[in-house]
Amino acid sequence: MPRLQPFPRWQLAQRIACCYSLLVLPALCAAQHQPLLPADLDNKVVKVDVKAATLETMVALLAKQLNVSIYVDDTPHHAPIDFMIETTVRKALNRIADAYDYEWKLTKSGAITMVKRFQDPAEFPQTEPAEWQQTAKDALRLIGETEHDFSGASDGRILQGFVSNVTFEQAIALLSGQRLTGRMLEERPLSYLREYMYLKALASTVGVWGALGEILQQMSGNALQWHTELDGSDLAASVKEKREQKLLHTLLVVNTDKAGVKQSYPLATVTIVLVDDSEKNPKKPLDSPDTSPGEKP
Amino acid sequence: MQSKPQRSRGTERLGNRVLAVVILLAICSVSPLRAQDAFSPDTTEKLHQRVQLTGESTTLAQIAAQLSKQTGLKIEAAAYLGKHRLNLQCDGDSAETILKTLANLNDWQWREVDKGVILISRAPGRRP
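Below is the structure:
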């Protein structure tokens, strides 16, 4: 019987390596999308020259040019914009996101995500009744889970309890305008403080969420519409001048009858006070490199 | 006479090392497929399929339908999220990556509610 020659291991390794490079690697490279690396943000260049572009158009252009996946939440309520860009990916994304009032982020998987940042007073969240209804349900459930009985609770009683449980030194410190942190307090005054915070932040909203949830449940077939107006003056001018302003956000129920006539009535109104604090907290220039990609100042 | 076995031993050692590197490379290229253990094996496999979602603005329900079509899984959005508007330009991302990214984008969660059935819903809110 002829003795079989043992197959040298190095030859085996060579052949496996060869097969791997010929079959597996090309398959993997072809299948996997090229992720955008943090270094690419400053090394790669984007070149776009487009007129009257929507964010949708810009996203499609960027995705094609960078060969990267882009995920955008919602659609901006912004008029189309002209872009002439020839700069790094980071600067281009900053410019585009800023123009449509969005913020962007590079994900771990190397994709770009964009979400609304609501700095533009004319922007508003999505108004799907079903989603809002779920928000109301979730809010009510969470308030119910705080294990605080708000019935009969009053500011005065809670604050009295807090004051009578802090130490003399702490009371003096508070009276002289100093700040105390939660860690400085014993459990008892801390629990009064927590109760006060819950009362102020949550108790007053129970009725609002409850009523909102009920109305939303009854309004199947109707649409919600977000209406923003400035309290008594011109919105665009005040935003431009960065004056302190009150914004009135109204969530409207829009009912369209069979004849196509729309009727609307306000469901909820939120007043937001805009304060220009750019002097106290100067905004970082858009083109300055961020420590983490996409992080907004 | 002595140099030949020494050389062959050296070659063999080198061969062993190369073999070890090759095996390690092979394991590394396959290991991402094993990242998700919370799903049934069949679902895990389907979630790693590369999909294509490009085009105009769409809703989560339409995205879920496209993902279902391309993966063979039943991917659904909770009824209250179905009309949520999104704009996706994904070419070659895995279904798992897409679901993860969408969840991170809006604080949603996705889980296998039944074998081969994935539900996208809002993440339970954190207690204040």
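Protein chains in written order, with this note's numbering: chain A, 1 to 297; chain B, 1 to 128. Virtual Cβ for every residue (Gly too), placed ideally from N, Cα, C. Values in this document were obtained by computation on a predicted structure and should not be read as measured data.
Min CB distance residue i to chain B below 9 Å
| i | result |
| --- | --- |
| Val208(A) | no |
| Arg117(A) | no |
| Glu103(A) | no |
| Pro289(A) | Here the model assigns Pro289(A) a pLDDT of 36, short of 50, so the residue's position is not dependable, and the following value carries that caveat. Not closer than 9 Å to any Cβ of chain B, the Cβ of Pro289(A) fails to qualify, so no. |
| Glu383(A) | Because chain A spans 1 through 297 in this model, residue 383(A) falls outside it and cannot be assessed. |
| Glu214(A) | no |
| Glu123(A) | no |
| Tyr89(A) | The question names Tyr, yet the displayed sequence has Val at residue 89(A). Cβ-Cβ to chain B under 9 Å: no for Val89(A). |
| Glu56(A) | yes |
| Val59(A) | yes |
| Leu252(A) | no |
| Ala111(A) | yes |
| Leu37(A) | no |
| Ala53(A) | no |
| Leu41(A) | no |
| Thr107(A) | yes |
| Ala97(A) | no |
| Ala92(A) | no |
| Leu199(A) | no |
| Leu63(A) | Reading the sequence as shown, one finds Ala at residue 63(A) and not Leu. For Ala63(A), the answer is yes, since a Cβ of chain B falls inside 9 Å of its Cβ. |
Any chain A beta carbon closer than 9 Å to residue i
| i | result |
| --- | --- |
| Ala79(B) | yes |
| Leu105(B) | yes |
| Gly82(B) | yes |
| Gln89(B) | yes |
| Ile75(B) | no |
| Lys46(B) | no |
| Ser68(B) | no |
| Gly72(B) | no |
| Leu102(B) | yes |
| Leu99(B) | no |
| Arg9(B) | no |
| Ser57(B) | yes |
| Ala95(B) | no |
| Thr43(B) | no |
DSSP beta-bridge partners of residue i
| i | result |
| --- | --- |
| Ser94(B) | Arg50(B) |
| Asn87(B) | Val72(A) |
| Val208(A) | DSSP, once it has assigned bridges, lists no residue as partnering Val208(A). |
| Thr11(B) | According to DSSP, Thr11(B) bridges with nothing at all. |
| Glu76(B) | Leu119(B) |
| Asp49(A) | Met84(A) |
| Glu112(B) | Ile118(B) |
| Met114(A) | Val72(A) and Trp104(A) |
| Thr58(B) | Leu86(B) |
Residue interval of the alpha helix (DSSP H) (run including residue i)
| i | result |
| --- | --- |
| Ala136(A) | Pro129 to Gly144 |
| Glu56(A) | Leu55 to Leu66 |
| Gln160(A) | Asp155 to Val163 |
| Lys200(A) | It is not in any alpha helix (DSSP H) - Lys200(A) carries neither H nor E in the DSSP assignment. |
| Asp40(A) | Asp40 to Asn43 |
| Val168(A) | Correcting the residue identity first, residue 168(A) is Phe in this sequence and not Val. Phe168 to Leu175 is the span of the alpha helix (DSSP H), which, as asked, contains Phe168(A). |
Cβ-Cβ separation, residue j to residue i (assumed contact under 8 Å), whole Å
| i | j | result |
| --- | --- | --- |
| Val166(A) | Gln89(B) | With 8 Å as the limit, Val166(A) and Gln89(B) do not qualify as a contact, their Cβ atoms being about 56 Å apart. |
| Leu106(A) | Leu66(A) | Leu106(A) to Leu66(A), Cβ: 11 Å. No contact. |
| Leu62(A) | Ile70(A) | 6 Å |
| Gln170(A) | Leu180(A) | 6 Å |
| Leu216(A) | Ala136(A) | 6 Å |
| Leu81(B) | Ile120(B) | 6 Å |
| Met114(A) | Ala97(A) | 6 Å |
| Asp138(A) | Arg111(B) | The Cβ separation is near 17 Å, so there is no contact. |
| Pro129(A) | Phe162(A) | Not quite, the Cβ-Cβ distance comes to about 41 Å (not below 8 Å), so this is no contact. |
| Val68(A) | Ala39(A) | The Cβ separation is near 14 Å, so there is no contact. |
| Ala92(A) | Ile85(A) | 5 Å |
Extent of the continuous beta strand (DSSP E) run through residue i
| i | result |
| --- | --- |
| Tyr100(A) | No beta strand (DSSP E) holds Tyr100(A); DSSP gives it neither H nor E. |
Closer than 8 Å between beta carbons: that is the criterion. Which residues of the region 69-85 of chain A meet it against chain B? Ser69, Ile70, Tyr71, Val72, Asp73, Asp74 and Thr75
Identify each residue in the region 127-146 of chain A for which the Cβ-Cβ distance to at least one residue of chain B is less than 7 Å, and report them in chain order. Glu128, Ala130, Glu131, Gln133, Gln134, Asp138, Leu142, Glu145 and Thr146
Listed from N- to C-terminal order along the chain, which residues in the region 160-173 of chain A have their beta-carbon within a distance smaller than 9 Å of any beta-carbon of chain B? none
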